[in-house]
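Colleague: Residue 319 in numbering that gives the first Met the number 0 sits at position 320 of the sequence shown, and the numbers go up by one each step.
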Amino acid sequence: MARTGFCDTKPLLDLHKKADERRAPLRTWANASGPIDRWQPVEADESRMNLLKMEPERRWERRLSLQTSEGIIMGFHEDSRAWSPGKLIAEGCVEDPVLLYPCGLQGLPSLQVLVPSLLRHEIEKALEKLDLIWDRTYAWEMFLDMMRTQTQNSLPSADLPRYFTDATRGILVDWLIQVHEIMHFQDETLYLAIHLLNRSLRLIKVTTANLQLLGMVCLFIAAKKEECLLPEVSGLCSLMDHTYTKHQFLRMERKVLSGLKFELSYSPPLHFLLIFASVARCSAMVVWMARYLLELSLLEGQCLVFLPAQLAGAALCLARQVVQEPTTPEGEAAWCLVSSIHVGSEATLMKIMHILASAAAKAHTCATFLKFSSPETMHVSRHPGLKNASSLLGVCS
0 MARTGFCDTK PLLDLHKKAD ERRAPLRTWA NASGPIDRWQ PVEADESRMN
50 LLKMEPERRW ERRLSLQTSE GIIMGFHEDS RAWSPGKLIA EGCVEDPVLL
100 YPCGLQGLPS LQVLVPSLLR HEIEKALEKL DLIWDRTYAW EMFLDMMRTQ
150 TQNSLPSADL PRYFTDATRG ILVDWLIQVH EIMHFQDETL YLAIHLLNRS
200 LRLIKVTTAN LQLLGMVCLF IAAKKEECLL PEVSGLCSLM DHTYTKHQFL
250 RMERKVLSGL KFELSYSPPL HFLLIFASVA RCSAMVVWMA RYLLELSLLE
300 GQCLVFLPAQ LAGAALCLAR QVVQEPTTPE GEAAWCLVSS IHVGSEATLM
350 KIMHILASAA AKAHTCATFL KFSSPETMHV SRHPGLKNAS SLLGVCS
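#1: With DSSP as the reference, label Gln-227 as helix, strand or coil.
#2: Suppose the cutoff is 7 Å on Cβ atoms and the five residues either side in sequence are ignored; what does the same chain contact list for Lys-415 look like?
#3: Please specify which runs of the alpha helix (DSSP H), each continuous and at least 4 residues long, are wholly inside the segment 219–263, giving them in chain order.
#4: What's the gap between the Cα of Ala-138 and the Cα of Glu-299?
#5: Taking Cβ to Cβ, would you say Met-352 is nearer than 8 Å to Leu-317?
#6: Thinking just about the alpha-carbon of each residue, which of Arg-280, Leu-272, Arg-319 is nearest to the one in Phe-404?
#7: Whole angstroms is fine: what's the gap from Glu-252's alpha carbon to Gly-343's?
#8: Just the Cα atoms here: how many angstroms apart are Gln-185 and Leu-117?
#9: Would you mind sorting Tyr-162 into buried or exposed? The rule is 16 or more other CB atoms within 10 Å of its CB.
#10: Would you mind stating whether Pro-267 and Leu-191 have Cβ atoms separated by less than 8 Å?
#11: Does DSSP put Arg-47 in a helix, in a strand, or in coil?
#12: Does Arg-135 pass the burial test, meaning 16 or more other C-beta atoms within 10 Å, or should it be called exposed?
#13: Let's test the definition: count the other Cβ atoms within 10 Å of the Cβ of Cys-227 and tell me whether it reaches 16, buried, or not, exposed.
#14: Return the residue from the list Val-379, Lys-370, Thr-376, Arg-381 that minimises the CA-CA distance to Glu-180.
#15: Going by beta-carbon coordinates alone, are Leu-295 and Thr-367 separated by less than 8 Å?
#16: Got a sec? Which residues, its chain only, sit under 8 Å from Ser-233 by beta carbon, not counting five neighbours each side?
#17: Starting from the C-beta of Ala-289, find all residues in its chain whose C-beta is less than 6 Å away, skip the five residues before and the five after it, and write them out in chain order.
#18: Glu-399 to Met-215, Cα distance in whole Å?
#19: Going along the chain, which residues of its own chain have a beta-carbon closer than 7 Å to the beta-carbon of Ala-333, five neighbours each way excluded?
#20: Keeping to the same chain, check which residues put their C-beta closer than 7 Å to that of Gln-149; ignore five residues upstream and five downstream.
#21: Leu-433 and Leu-202 look like a contact to me (Cβ under 8 Å); what is the Cβ gap, rounded to whole Å?
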């Protein structure tokens with residue numbers, strides 16, 4: 000297992016091994032544009048007949064496997080930008096996922112076979128427990144969609160327009176976190192607002208004088224998508240000392256929505272973090288520490304280029320290192336299971352962890368530090384392991 004705990008460059012499910020290396024092909028396309036049900040049998044063998052005799056639910060699960068729904072999770076890495084079932088067909092053979100030996104499961108082939116279905120079951124339980132779904136029937140499909148769509152609207156680089164700096168952006172984000180706390184918005188609203196701000200800075204022209212207005216408008220748009228109750232525009236203008244009028248506010252809102260082409264969907268890293276932590280059976284202390292580190296990533300311009308699942312995985316790994324709780328067999332088994340989710344290379348996760356460690360070392364005056372120093376958050380921002388960058392980076396390396 001890599002130092003980060005997550006799979007390194009090899010995905011758990013190898014999609015590049017052809018099915019004919021293990022058994023005869025089961026199906027081929029009868030019509031490339033037709034549905035799965037129109038696949039036709041190639042030859043009648045015992046394994047195919049057993050497949051046809053499966054109960055409807057088992058056959059449906061088998062079809063998911065043939066479409067590598069597990070592979071989207073297990074084989075995901077930062078270079079995976081597109082996926083389609085057609086990529087599984089090569090020389091008339093369906094490329095079936097082949098389970099490799101995940102770290103911690105060597106010599107236990109029976110457990111290796113169970114990992115994909117067990118992970119699916121735990122993901123479904125986590126989504127239901129976190130109230131992120133209404134119907135557990137579609138929980139797995141929703142998680143697959145989260146993993147696929149997190150690359151949409153991702154930023155190619157951390158570069159800002161030349162008239163802005165990382166320091167300027169950091170001050171704005173810190174102020175938005177304070178406003179977010181004052182308004183008692185949901186956590187998802189904050190992550191969506193910062194995401195919209197990062198995209199807007201690259202897609203629309205805005206002067207330095209209107210930077211605060213842009214940030215507040217992004218928070219307002221995010222609140223429209225995530226909140227049940229909205230503040231009055233005049234009230235938001237008062238939080239900016241009436242520097243901008245209501246007319247300027249609404250005009251900026253139209254400008255932002257037009258620049259973004261009304262594409263507001265976003266899978267926040269917080270959701271990935273909570274799912275990973277639930278599957279890994281992390282304690283409340285570790286979860287709060289990971290949430291603190293993850294929110295600090297909003298202030299860091301270097302984190303803009305990383306995917307939400309990568310930020311979540313790195314924050315959770317670093318939180319475990321900082322808290323240093325006693326290990327248990329059950330906890331290690333759960334962590335081994337969540338580690339089978341391939342979110343990126345070890346080098347990528349280690350880079351994020353170093354960024355977060357440095358951010359935690361200098362965060363004594365920011366709003367996030369104060370927010371996570373309360374009893375409700377278990378005072379995680381004042382944890383002894385976060386005192387200085389050198390000791391924290393020493394733990395990570």
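In this text, a Cβ means the ideal position worked out from N, Cα and C, and glycines have one as well.
Quick caveat: nothing in here was measured; it's all calculated off a predicted structure.
Modeller: The answer reads as follows:
#1: Working through the sequence shown from its first residue, we reach residue 227 at position 228. Reading off the sequence, residue 227 comes out as Cys, not Gln. Note: Cys-227 maps to coil in three-state DSSP.
#2: Nothing in the structure corresponds to residue 415, since the chain is present only between 0 and 396.
#3: 232–238, 245–258
#4: As a working mapping, residue 138 is identified with position 139 in the sequence shown. As a working mapping, residue 299 is identified with position 300 in the sequence shown. Near 32 Å, if we compare the C-alpha coordinates of Glu-299 and Ala-138.
#5: Position 353 of the sequence shown, counted from the first residue, corresponds to residue 352. Position 318 of the sequence shown, counted from the first residue, corresponds to residue 317. It is a contact, given that the beta carbons lie within the stated cut-off.
#6: In the structure displayed, the chain extends from 0 to 396; residue 404 sits before or after that span and is not available.
#7: Your numbering for residue 252 matches position 253 in the sequence shown. Your numbering for residue 343 matches position 344 in the sequence shown. Going from the Cα of Glu-252 to the Cα of Gly-343 covers about 35 Å.
#8: Counting from one through the sequence shown, the residue named residue 185 turns up at place 186. Counting from one through the sequence shown, the residue named residue 117 turns up at place 118. Spanning the two alpha carbons is a distance of roughly 31 Å.
#9: Counted from its first residue, the sequence shown places residue 162 at position 163. So Tyr-162 ends up on the exposed side.
#10: As a working mapping, residue 267 is identified with position 268 in the sequence shown. As a working mapping, residue 191 is identified with position 192 in the sequence shown. Taking 8 Å as the Cβ cut-off, Pro-267 and Leu-191 qualify as a contacting pair.
#11: For the purposes of this step, residue 47 is taken as residue 48 along the sequence shown, with counting starting at 1. Below a pLDDT of 50, predicted positions are generally treated as unreliable, and Arg-47, at 44, falls in that range; no measurement from the model is reported.
#12: Counting from one through the sequence shown, the residue named residue 135 turns up at place 136. So Arg-135 ends up on the exposed side.
#13: For this step, residue 227 is matched to residue 228 along the sequence shown. It is exposed - the Cβ of Cys-227 has fewer than 16 other Cβ atoms within 10 Å.
#14: For the purposes of this step, residue 180 is identified with residue 181 of the sequence shown, where counting begins at 1. Ranking Val-379, Lys-370, Thr-376, Arg-381 by Cα distance to Glu-180 puts Lys-370 first.
#15: Mapped onto the sequence shown, residue 295 falls at position 296. Mapped onto the sequence shown, residue 367 falls at position 368. The answer is yes: Cβ separation under 8 Å.
#16: Here residue 233 refers to the residue found at position 234 of the sequence shown. Cβ within range, chain order: Lys-245.
#17: Position 290 of the sequence shown, counting from 1, holds the residue named residue 289. Closer than 6 Å at Cβ, skipping near neighbours: Leu-272, Ala-314, Leu-315, Ala-318.
#18: Past the edges of the chain, shown from 0 to 396, lies residue 399, and the structure says nothing about it.
#19: Counting from one through the sequence shown, the residue named residue 333 turns up at place 334. Counting only Cβ-Cβ distances below 7 Å, and skipping sequence neighbours, we find Val-278, Ala-279, Arg-280.
#20: Taking the first residue of the sequence shown as 1, we reach residue 149 at position 150. Correct list, in chain order: Ser-266, Leu-306, Pro-307, Ala-308.
#21: Summary: the structure shown does not reach residue 433, with the chain confined to residues 0 through 396, and so no result is reported for it.
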